[in-house]
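Protein chains in written order, with the working numbering: chain F, 7 to 116; chain D, 650 to 763.
Where is the CB? At the ideal position from N, CA and C, for every residue including glycine.
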Amino acid sequence: DAKTTQPPSMDCAEGRAANLPCNHSTISGNEYVYWYRQIHSQGPQYIIHGLKNNETNEMASLIITEDRKSSTLILPHATLRDTAVYYCIVRTQGAQKLVFGQGTRLTINP
Amino acid sequence: DVKVTQSSRYLVKRTGEKVFLECVQDMDHENMFWYRQDPGLGLRLIYFSYDVKMKEKGDIPEGYSVSREKKERFSLILESASTNQTSMYLCASSFAQRGRNEQFFGPGTRLTVL
């Protein structure tokens, strides 16, 4: 699986959009971009995934650049409950395991 | 909503004890996984199962065994607990079908071995 690079930490004001970047310059054609988050002392939570088109669900939007070397997770109206570590993962659809890097610790401030 | 439950949130055991961690999912998922999570080491796969009575070793299976007698239940067994098995244990499940195989996690069991 390709390696990902994320900033170690970010801050965002409550009610604003939180934009979390991820670099995956070695991604191959059959690898998807997945995002998970982990709130303190809880299990990871699946957020969204995509291949090359932008994706949106009830939790977030995922923007993938045309060359697929980077992506951005957008939480449109961040709340205090969105404070968590966010993990960007690149994996093939057939891969069995998830490999979490260090992630981005996002803090939402009141 | 997908629900993955684990038998305990916190567990304290003594060295040499046999430890059972239970995981149950209610989404009829084919795949189930056991990971451990340690500071600085991220998530590491111990074992996974893609069907009843089927299992595959992950990256760190030593000291662990698993059991899957029913589709909804996946058990992790520490045959003789040791202090280096103190960790957060996470169970996950997913469909096997490509395009639907995102993994859903339980709340975790924080195991301390004294």
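Asked	Found
Alpha-carbon to alpha-carbon, Leu112/F and Lys704/D	36 Å
Distance CB(Tyr92/F)-CB(Gly107/F) smaller than 7 Å	no
Contact set between the region 748-763 of chain D and chain F, restricted to residues whose Cβ is under 9 Å from the partner	Gly748, Asn750, Glu751, Gln752, Phe753, Phe754, Gly755, Pro756, Gly757 and Arg759
Residue burial classification, Arg87/F (beta-carbon count within 10 angstroms, cutoff 16)	exposed
Assigned exposure category for Ala84/F - 16 Cβ within 10 Å defines buried	buried
Alpha-carbon to alpha-carbon, Lys75/F and Thr32/F	7 Å
Helix, strand or coil at Leu690/D according to DSSP, with G and I counted as helix	coil
DSSP three-state assignment for Asp88/F, whether helix, strand or coil	helix
Contact with chain F by Leu739/D, beta-carbon distance below 7 Å	yes
Beta-carbon neighbours of Leu104/F, restricted to chain D and to distances below 7 Å	Leu692 and Gln752
Cβ-Cβ distance between Tyr696/D and Val668/D below 7 Å	no
Through-space distance from Val673/D to Arg722/D, alpha-carbon basis	5 Å
At least 3 beta-carbon pairs within less than 8 Å: the region 751-758 of chain D vs the region 42-56 of chain F	yes
For Ile54/F and Ser724/D, the rounded distance between their alpha carbons	28 Å
Delimiting residues of the beta strand (DSSP E) encompassing Gln48/F	Careful: Gln48/F lies outside any beta strand (DSSP E) and carries neither H nor E.
Secondary structure, alpha helix (DSSP H): runs of 4+ residues fully inside the region 684-750 of chain D	none
Where Met681/D falls: helix, strand or coil (DSSP)	strand
Against chain D: residues of the region 49-80 of chain F by CB proximity under 8 Å	Gly49, Pro50, Gln51, Tyr52 and His55
Met676/D versus Ser742/D, Val762/D, Gln746/D and Thr761/D, residue with shortest Cα-Cα distance	Ser742/D
Beta-carbon spacing of Ser736/D, Arg685/D below 7 Å	yes
Partner residues on chain D for Gly107/F, Cβ-Cβ distance less than 9 Å	Gly691
Sequence-distant residues of its chain with Cβ nearer than 6 Å to Cys28/F (five each side left out)	Thr10, Gln12, Ser77 and Cys94
Whether Tyr42/F touches Leu57/F by CB criterion (7 Å)	no
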